[in-house]
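Colleague:
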Amino acid sequence: MRSRLLFSAARCLRAFRAISPARRHLKCGSLPLEELFAPGGPLRTFLERRARCEAQLQFGGSELLAVAKLLSEKEQELQETEHLLHDENEDLRKLAENEITSCQKQITQLKHQIILLLVPSEETDENDLILEVTAGVGGQEAMLFTSEMFDMYQQYAAFKRWHFETLEYFPSEIGGLRHASASIGGVEAYKHLKFEGGVHRVQRVPKTEKQGRIHTSTMTVAILPQPTEINLVINPKDLRIDTKRASGAGGQHVNTTDSAVRIVHLPTGWNQ
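Below, the structure written as structure tokens:
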């Protein structure tokens, strides 16, 4: 039950970040957000069971349940305010309408916060990352789409006040982008971008289309966390050390001194 909810929450979070604010009709997997939080729905049932379990064990209460409790209170407040829409006082009705709008926004934010809390944290959430974008199917239009996506991530990093350094950039002939990579660093950078990895698709009339036909183009995004510390342990038994000495004419010191050393790591064949 919990694993299915976590998977749905992860997909929901990715969809929420990928859709513009004007089109955020959020869906988690095959279920809309409203159905997940509906009475008797899978997410609501999970939260109720979690609350009962922690109450029986006399836990202090987790952040997830605290947000869920606040959500229930806001939903109750919304129901009570909706009754005022039928009041005879016009001023009271207008006040109720404004309060309902504010309450609905808070309820939506709380639902998204619950979804974020359901996504398990990782040790690499605080790490910096390497972003790679590559044009896929669609020719020049795919490269234009890739360029737009790369610019979007750069602007998002500027909005979050993260460090953004372009490592590779291979443009196309008409201003698109074949491949690019960048180093991004900042507070919880990997946590906010780790779900961006995968294939992204766009359907539109491209600039290269003269007959007005809609084309489908794709590009891929790779998000790779940068390690903060690297612990390297090499077993001396895995090393072969070869030494070389000078030969031929020369003094006694030249012919008895190791003038070249080669170290070979046997499992990998790497040598220095």
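Numbered per full-length UniProt numbering, the sequence shown spans residues 1 to 272. From the three backbone atoms N, C-alpha and C, an ideal C-beta is built for every residue, glycine too.
#1: Where residue 161 and residue 219 are concerned, what is the direct C-alpha to C-alpha distance, given to the nearest angstrom?
#2: How many whole angstroms separate the CB atoms of residue 85 and residue 96, which I take to be in contact at a CB cut-off of 8 Å?
#3: Could you check if residue 153 is buried or exposed, using at least 16 other CB atoms within 10 Å of its CB as the buried criterion?
#4: Using C-beta distances below 6 Å, list every residue in its chain close to residue 312, excluding the 5 sequence neighbours before and after it, in chain order.
#5: Which residue from 124, 244, 217, 98 puts its Cα closest to that of residue 81?
#6: Just verifying my parser: in three-state terms, what is the DSSP assignment at residue 207?
#7: Could you pull out every unbroken beta strand (DSSP E) segment of at least 3 residues lying fully inside the stretch 130-195, listed in chain order?
#8: First and last residue of the beta strand (DSSP E) that includes residue 81?
#9: Can you name, in chain order, every residue of its own chain whose Cβ lies under 7 Å from the Cβ of residue 122, other than the five neighbours on each side?
#10: What did DSSP end up calling residue 224 once you bin it into helix, strand or coil?
#11: Under the DSSP definition of a beta bridge, which residues are partnered with residue 265?
#12: Could you check the C-alpha separation between residue 50 and residue 137 for me, to the nearest Å?
#13: DSSP beta-bridge partners for residue 198?
#14: Between which two residues does the alpha helix (DSSP H) carrying residue 86 extend?
#15: Tell whether a beta-carbon distance below 9 Å holds between residue 129 and residue 184.
#16: Out of 143, 90, 109, state which residue places its alpha-carbon closest to the alpha-carbon of residue 208.
#17: Please name the residue or residues paired with residue 244 in a DSSP beta bridge.
#18: Find the nearest neighbour of residue 200 within the set 134, 225, 44, 52, judged by alpha-carbon distance.
#19: From 119, 193, 141, pick the residue whose C-alpha is nearest to that of residue 202; which is it?
#20: Grab me the residues of residue 87's own chain with a C-beta within less than 8 Å of its C-beta, minus the 5 sequence neighbours each way, in chain order.
Modeller: Reading from the atomic positions:
#1: Locating residue 161 in the sequence shown gives position 161, counting from the first residue. Locating residue 219 in the sequence shown gives position 219, counting from the first residue. Roughly 26 Å separates the two Cα atoms.
#2: What you label residue 85 is simply residue 85 of the sequence shown in a count that begins at 1. What you label residue 96 is simply residue 96 of the sequence shown in a count that begins at 1. Correct: roughly 5 Å between the Cβ atoms.
#3: By one-based count along the sequence shown, residue 153 stands at place 153. Flag for residue 153 reads buried.
#4: With the chain running from 1 to 272 in the structure shown, residue 312 is simply not present.
#5: Indexing the sequence shown from 1 puts residue 81 at position 81. Here the closest residue by C-alpha is 98.
#6: In the sequence shown, residue 207 corresponds to position 207, counting from 1. Coil at residue 207, not helix or strand.
#7: The beta strand (DSSP E) runs of length 3 or more contained entirely in the stretch 130-195 are, from start to end of the chain, 163-171, 177-185.
#8: For the purposes of this step, residue 81 is taken as the residue at position 81 of the sequence shown. Element bounds for residue 81: not the beta strand (DSSP E) but the alpha helix (DSSP H), 63-82.
#9: By one-based count along the sequence shown, residue 122 stands at place 122. Spatial neighbours of residue 122 in its own chain (CB-CB distance under 7 Å, excluding positions within 5 residues in sequence) are not present.
#10: Along the sequence shown, read from residue 1 onward, the residue named residue 224 stands at position 224. Here residue 224 sits in strand by DSSP.
#11: The count along the sequence shown starts at 1 and reaches residue 265 at position 265. Under DSSP, residue 265 forms a beta bridge with 239, 270.
#12: Against the sequence shown, residue 50 aligns to sequence position 50. Against the sequence shown, residue 137 aligns to sequence position 137. Residue 137 has its alpha-carbon roughly 45 Å from the corresponding atom of residue 50.
#13: Walking along the sequence shown from the start, residue 198 turns up at place 198. Beta-bridge pairing links residue 198 to 221.
#14: Translated into positions along the sequence shown, residue 86 becomes position 86. Run containing residue 86: none; DSSP gives neither H nor E here.
#15: Sequence index remark: in the sequence shown, residue 129 carries index 129 (1-based). Sequence index remark: in the sequence shown, residue 184 carries index 184 (1-based). In contact: residue 129 and residue 184 (Cβ atoms closer than 9 Å).
#16: Residue numbering aside, residue 208 sits at position 208 when the sequence shown is read from its first letter. Selected option, being the one with the closest Cα: 143.
#17: Numbered from its first residue, the sequence shown carries residue 244 at position 244. In DSSP, residue 244 forms a bridge with 260.
#18: Residue 200 sits at position 200 when you count from the first residue of the sequence shown. Residue 134 is the option with its Cα nearest to residue 200.
#19: Within the sequence shown, residue 202 is the residue found at index 202, counting from 1. Proximity to residue 202 across 119, 193, 141 peaks at 141, based on C-alpha coordinates.
#20: Working through the sequence shown from its first residue, we reach residue 87 at position 87. 93, 96.
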